[in-house]
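Engineer:
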Amino acid sequence: MGCRRPRIPKTGHNSGKMIVDTNALSALSYDDPALLARMDHPNTPRPYLNFICLGEYRSGILGSTRPQKPLAMLEQICAAWPTLHSDNITVTHYAEISDKLRTKGRSIPTNDIWIAALARQHDMPILSQDRHFDHIPGIERIGW
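Numbering of the sequence shown is given in our numbering, commencing with residue 23 and proceeding in unit increments.
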């Protein structure tokens, strides 16, 4: 059984960039029609992976009874899309976002705070279905 190549924005797409959340990777592995349409849209920014999402997704693959298709897709995507990593600036954004959420009494998963910190650091929207990103100042979420 072959693996569908991930939808990578073509020449002429918006020169913007976006961070891909784990639920977007999962949706790609299931050929989610709404996400595929979003990825093919001419105004869709270029996707970037992040170390958090890769860890979450690989962990899910390890627990899968059929890891071949998602692993093949992940390898294709990793070869095609750049990956963002954390640094001291990311840590500062993480602390600020975490503190702001705590002050507001809002709780979101720790890994999503890290993804939001990378998004804020690089001034990128997040491709995600997780609406809790909408409660973080300065973060734009792209849904599908």
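Built from N, CA and C at the ideal position, the CB exists for glycine as well.
(1) Is Arg142 near Gly165, with beta carbons less than 7 Å apart?
(2) In chain order, what residues of the same chain lie with their CB nearer than 6 Å to the CB of Glu162, ignoring the 5 residues before and after it?
(3) Is DSSP giving Arg163 helix, strand or coil here?
(4) So, for Ile74: in the same chain, excluding its five sequence neighbours on each side, which residues have a beta-carbon less than 6 Å away from its beta-carbon?
(5) Quick one: what's got a C-beta closer than 6 Å to Ile111's C-beta in the same chain, skipping five residues either side?
(6) Tell me whether Ala138 sits in a helix, a strand or coil according to DSSP, three-state version.
(7) By the 10 Å Cβ neighbour count, where 16 or more other Cβ atoms means buried, how is Val113 classified, buried or exposed?
(8) Any idea which residues DSSP pairs Arg68 with across the strands?
(9) Could you pull out every unbroken alpha helix (DSSP H) segment of at least 4 residues lying fully inside the segment 99 to 137, listed in chain order?
(10) So, does the segment 88 to 99 touch the segment 114 to 129, judging by three or more C-beta pairs under 8 Å?
(11) Are Tyr79 and Leu47 touching if we call contact CB-CB under 7 Å?
(12) According to the Cβ coordinates, are Ile130 and His154 closer than 7 Å?
Structural biologist: Taking the geometry as given:
(1) no
(2) Pro147
(3) strand
(4) Asn133, Trp136, Ile137
(5) Gln143
(6) helix
(7) exposed
(8) Lys39
(9) 110 to 126
(10) no
(11) yes
(12) yes
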